[in-house]
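*Asks:* In the order they appear, the protein sequences are chains C and V.
Using my numbering, the first residue of the first sequence is number 58, and each one after it goes up by one.
Using my numbering, the first residue of the second sequence is number 7, and each one after it goes up by one.
Ideal placement from N, C-alpha and C gives every residue a C-beta, glycine not left out.
What you are looking at is a predicted structure, and each value in this text was computed from that prediction instead of being measured.
Sending over a structure as structure tokens; questions will come in a sec.
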Amino acid sequence: LPAPQLVMLANVAAVTASEGG
Amino acid sequence: QKLKVEDALSYLDQVKIRFANDPGIYNKFLDIMKEFKSQSIDTPGVINRVSQLFHGHPDLVLGFNAFLPPGYRIEVPK
Chain C
58 LPAPQLVMLA
68 NVAAVTASEG
78 G
Chain V
7 QKLKVEDALS
17 YLDQVKIRFA
27 NDPGIYNKFL
37 DIMKEFKSQS
47 IDTPGVINRV
57 SQLFHGHPDL
67 VLGFNAFLPP
77 GYRIEVPK
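Structure follows, in structure tokens:
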């Protein structure tokens, strides 16, 4: 993927969202 | 320089705190990131959405730019 740091941010955001924000 | 998970968490906190009185904006940001993760939108799509969402918050835009790959950035009006 061309945007590894953005993917990392997206992964962290997804975990955060799944934990209720 | 490479950003770490702690930097991502710190940035998310910054967004959450900024919009403490309007949590819908924070939730929209999380939605944009989830759409990117599921590849519903690409990097330019993320840039487009985030630049609208954080309009008027140049520090958040600059913080977000740090996560973008080389050649991509959201312009901040001077």
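For Leu-59 of chain V and chain C, any beta-carbon pair shorter than 8 Å?
*Replies:* Among the CB atoms of chain C, none fall inside 8 Å of the CB of Leu-59 of chain V.
*Asks:* So which residues on chain C does Pro-83 of chain V lean against when the C-beta distance must stay under 9 Å?
*Replies:* Per Cβ cutoff of 9 Å: no residues; Pro-83 of chain V is ~23 Å from chain C at best.
*Asks:* Excluding five sequence neighbours on each side, which residues of the same chain lie with their C-beta closer than 7 Å to the C-beta of Val-21 of chain V?
*Replies:* Tyr-32, Phe-35, Leu-66
*Asks:* Mind checking if Val-52 of chain V is an interface residue toward chain C, Cβ cutoff 8 Å exclusive?
*Replies:* The beta-carbon of Val-52 of chain V is placed less than 8 Å from the nearest beta-carbon of chain C.
*Asks:* If you reduce the DSSP assignment to three classes, tell me which class Tyr-17 of chain V lands in.
*Replies:* helix
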